[in-house]
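A.B. asks: The numbering of the sequence shown is the numbering used here, which starts it at 13 and goes up by one.
The C-beta atom is built at its ideal place from N, Cα and C for all residues, glycine as well.
Values in this document were obtained by computation on a predicted structure and should not be read as measured data.
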Amino acid sequence: IKILNYIMMKKNIFATFFILFLGFSLGAKAQNSMEVLKAQKEVLKLNTKLNNLKIDLQKEKKDNEKYAADVDSYNNSAEQSAGKFSSSDDPKEAAKRAKKAEKRLKSAGKANDRLLKSNRKIEDIERDIAKLEAKIAKLDHQIKFDNGKKEKENAEEEE
13 IKILNYIMMK KNIFATFFIL FLGFSLGAKA QNSMEVLKAQ KEVLKLNTKL
63 NNLKIDLQKE KKDNEKYAAD VDSYNNSAEQ SAGKFSSSDD PKEAAKRAKK
113 AEKRLKSAGK ANDRLLKSNR KIEDIERDIA KLEAKIAKLD HQIKFDNGKK
163 EKENAEEEE
């Protein structure tokens with residue numbers, strides 16, 4: 013009877029450890045798949061943000077082209093008006109031309125400022141795009157690594 017009780021106790025201990033081991037391994041697999049799903053969700057969010065940034069970049073490039081054309085026309089206009097007047101002309105007429113030249117130079121300066129801001133914005137957007145692409149690549153690598161581990165574990169279980 014003592015031997016029988018001893019054998020039954022060993023079987024119960026073995027069964028308990030087996031159940032605990034099984035529970036922990038299944039819990040780890042569920043945790044791993046949840047992490048993969050969270051990473052995939054994060055990748056989708058980042059891809060959406062990346063696409064929006066690319067759209068913003070294209071819009072800004074289009075605006076930048078318009079600003080560049082404006083800058084060219086304002087600069088040409090300012091150059092032409094700045095060289096047209098001299099002090100030997102009628103003083104009133106020279107003053108009018110000088111005021112027009114000043115206005116054109118201010119307009120050219122504003123246009124140059126807009127173009128500069130646009131160029132900086134394009135650089136910022138491109139920098140943000142590069143950061144997001146690196147982050148997405150890192151998460152994709154993590155997902156592939158985790159999926160590879162999962163496939164390897166599934167293959168080992170089947171054997």
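#1: Report yes if the CB atom of Leu65 is closer than 8 Å to the CB atom of Ile148, and no otherwise.
#2: Mapping the DSSP letters down to three states, classify Asp68 as helix, strand or coil.
#3: Tell me the DSSP secondary structure of Asp102 in three-state form.
#4: Between the alpha carbons of Ile155 and Lys23, how many angstroms are there, rounded?
#5: Tell me, to the nearest whole angstrom, how far the beta carbon of Asn76 is from that of Asn131; I am working on the premise that it is less than 8 Å.
#6: Using a Cβ-Cβ cutoff of less than 8 Å, which residues in the same chain neighbour Val55 once the five nearest sequence positions on both sides are dropped?
#7: When you compare each of Ser45, Phe29 and Ala81 to Phe157 by their alpha carbons, which one comes out closest?
C.D. replies: Per the coordinate set shown:
#1: no
#2: helix
#3: coil
#4: 41 Å
#5: 7 Å
#6: Ile148, Leu151, Asp152 and Ile155
#7: Ser45
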